[in-house]
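Peer 1:
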Amino acid sequence: MFPSPGSSPSLSPTLSSTTSTPIGSPSNSTTTSLSTNNDHTKDPLFANSPSSTNSNSHSRATEAPPKQRSKNGYIARVGFDTLGCDTPAEYAFTLQARTVGWRRTRRSRTFLVGTDLNEYSSHALQWVMENMVEDGDEIVALRVVPIELRDSCKCSLSSHSEVAARSEATKIMDMIREKNKSKPKQVNIVVEYVVGAVRDTIQHMIKMYEPSMLVVGTRGRSSVKGFLLGSVSRYLLNHSPVPVTVVRPASKLIKS
């Protein structure tokens, strides 16, 4: 259920969905951008309307024409991709929002978090926000829907499925923004919604984002369940090139 890849003044983030100011630009300047570049660290802005492509590699965002600045504390972008059959994913949808004033620095870190809107995933995100994330960091929430890739795969989803994917990605984005309200930090938030081969997608995302840590939630049973199931969880714990943290549910934590 995965694909791969700033300290700044304090702010009081509120929600936004359409506007953007490029990094390094004066606060009163406006820009718009659309995503198609593989270098995710250089894509300062996000377009508000979806973009569809057929490609052999995962699309990322690049700079584009001016766009309005967000009025609720976040700069937002959305990218919509249908990938080629020879890639780890058949379909991918990306949302991104960063707090106004966020900048990537040498100390910035990326946390890749597996999520599926269940309570244990929400707790994992909460744990990351409260214990790991600092100003200038990035959170990549990955939602992977496994699918069997046949030799003659259909490289597109129905319009209904696309709407459902966007809706779920938006809910995940809103959940992360909400968790950033109590002790607001300047962060860059990315939601990756992917339909594809789970193991390949995870490795692809780790390679692309180069996270400092991979975080997953668990229902608190004998194995990591939910976002990661059975052999996939064991595979990650044994083969992930980055540290893996499994966050137990709040009910299982020892109270001091």
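Just so you know, our numbering puts 105 at position 102 of the sequence shown, and the rest follows in order with no gaps.
Positions of the beta carbon are idealized from the N, C-alpha and C atoms, including for glycine.
Here the structure is a predicted model, which is why all the values come from computation and not from measurement.
Taking just the CA atoms, how far does residue 77 sit from residue 211?
Peer 2: Reading the sequence shown from its first residue, position 208 is the one you call residue 211. Reading the sequence shown from its first residue, position 74 is the one you call residue 77. Each residue's alpha carbon lies about 24 angstroms from the other.
Peer 1: Going by alpha carbons, who is nearest to residue 196 out of 245, 169 and 128?
Peer 2: Translated into the one-based positions of the sequence shown, residue 196 becomes position 193. Cα-wise, what sits closest to residue 196 is 169.
Peer 1: For residue 198, collect the residues of the same chain with a Cβ closer than 6 angstroms to its Cβ; drop the 5 residues on either side in sequence, then sort them by chain order.
Peer 2: Position 195 of the sequence shown, counting from 1, holds the residue named residue 198. These residues qualify, in order along the chain: 93, 94, 148 and 150.
Peer 1: Under 8 angstroms between C-beta atoms, does residue 248 make it to chain B?
Peer 2: The displayed structure is made up of one protein chain only, and chain B is not part of it.
Peer 1: DSSP on residue 97, reduced to helix/strand/coil?
Peer 2: In the sequence shown, counting from the first residue as 1, residue 97 sits at position 94. Residue 97: strand per DSSP, three-state reduction.
Peer 1: Specify the secondary structure class of residue 137 as computed by DSSP and reduced to three states.
Peer 2: One-based indexing of the sequence shown puts residue 137 at position 134. If DSSP states are grouped into helix, strand and coil, residue 137 belongs with coil.
Peer 1: Look up residue 273 in the DSSP assignment and say whether it is helix, strand or coil.
Peer 2: Nothing can be reported for residue 273, as the shown portion of the chain is limited to 4 through 259.
Peer 1: Looking at the secondary structure, which residues open and close the beta strand (DSSP E) in which residue 248 lies?
Peer 2: For the purposes of this step, residue 248 is taken as the residue at position 245 of the sequence shown. 247–250 is the span of the beta strand (DSSP E), which, as asked, contains residue 248.
Peer 1: By Cβ distance, which residues of its chain are closer than 7 angstroms to residue 171, with the 5 residues on each side in sequence left out?
Peer 2: Here residue 171 refers to the residue found at position 168 when the sequence shown is read from its first residue. 120, 146 and 196.
Peer 1: Would residue 183 be called buried (16 or more neighbouring beta carbons within 10 Å of its own) or exposed?
Peer 2: By one-based count along the sequence shown, residue 183 stands at place 180. With 16 or more other Cβ atoms within 10 Å, it is buried.
Peer 1: Mind checking whether residue 136 and residue 174 have CB atoms under 8 angstroms apart?
Peer 2: For the purposes of this step, residue 136 is taken as residue 133 along the sequence shown, with counting starting at 1. For the purposes of this step, residue 174 is taken as residue 171 along the sequence shown, with counting starting at 1. Not closer than 8 angstroms, so no.
Peer 1: Which one or two residues does DSSP pair with residue 149 in a beta bridge?
Peer 2: For the purposes of this step, residue 149 is taken as residue 146 along the sequence shown, with counting starting at 1. In DSSP, residue 149 forms a bridge with 199.
Peer 1: Below 6 angstroms CB to CB, which residues in the same chain sit around residue 193 once its five sequence neighbours on both sides are set aside?
Peer 2: If you number the sequence shown from 1, residue 193 lands on position 190. Cβ within range, chain order: 99 and 143.
Peer 1: For residue 214, which option in 97, 117 and 103 has the closest C-alpha, if you only look at C-alpha atoms?
Peer 2: If you number the sequence shown from 1, residue 214 lands on position 211. Taking only the C-alpha atoms, the option nearest residue 214 is 117.
Peer 1: Kindly indicate the opening and closing residues of the beta strand (DSSP E) around residue 113.
Peer 2: For the purposes of this step, residue 113 is taken as the residue at position 110 of the sequence shown. Run containing residue 113: 113–117, per the beta strand (DSSP E) assignment.
Peer 1: Whole angstroms are fine: how far does the CA of residue 241 sit from the CA of residue 166?
Peer 2: By 1-based counting over the sequence shown, the position of residue 166 is 163. By 1-based counting over the sequence shown, the position of residue 241 is 238. Spanning the two alpha carbons is a distance of roughly 36 angstroms.
Peer 1: Can you check which of these residues, 209, 244 and 108, is closest to residue 190 by C-alpha distance?
Peer 2: To locate residue 190, count along the sequence shown from 1; it is residue 187. Answer by Cα proximity: 108.
Peer 1: Would you mind reading off the limits of the beta strand (DSSP E) that contains residue 103?
Peer 2: For this step, residue 103 is matched to residue 100 along the sequence shown. Looking at the DSSP string, residue 103 is not in any beta strand (DSSP E), and its letter there is neither H nor E.
Peer 1: Are residue 178 and residue 125 closer than 8 angstroms when you measure CB to CB?
Peer 2: For this step, residue 178 is matched to residue 175 along the sequence shown. For this step, residue 125 is matched to residue 122 along the sequence shown. Against a cut-off of 8 angstroms, the Cβ pair of residue 125 and residue 178 comes out as a contact.
Peer 1: Given residue 130, which residues of its chain have a CB within under 7 angstroms of its CB, disregarding the five upstream and five downstream residues?
Peer 2: Position 127 of the sequence shown holds residue 130. The residues are 250.
Peer 1: Within the continuous beta strand (DSSP E) that includes residue 76, where are the two ends?
Peer 2: The residue labelled residue 76 in the question sits at position 73 within the sequence shown. Neither: residue 76 is in no beta strand (DSSP E) and is coded neither H nor E.
Peer 1: What number of angstroms, rounded off, separates the C-alpha of residue 112 from the C-alpha of residue 252?
Peer 2: The count along the sequence shown starts at 1 and reaches residue 112 at position 109. The count along the sequence shown starts at 1 and reaches residue 252 at position 249. If I take the Cα positions, the gap works out to 24 angstroms.
Peer 1: How far does the beta strand (DSSP E) with residue 120 in it reach, from first residue to last?
Peer 2: Sequence index remark: in the sequence shown, residue 120 carries index 117 (1-based). Residue 120 -> no beta strand (DSSP E), and no H or E assigned at all.
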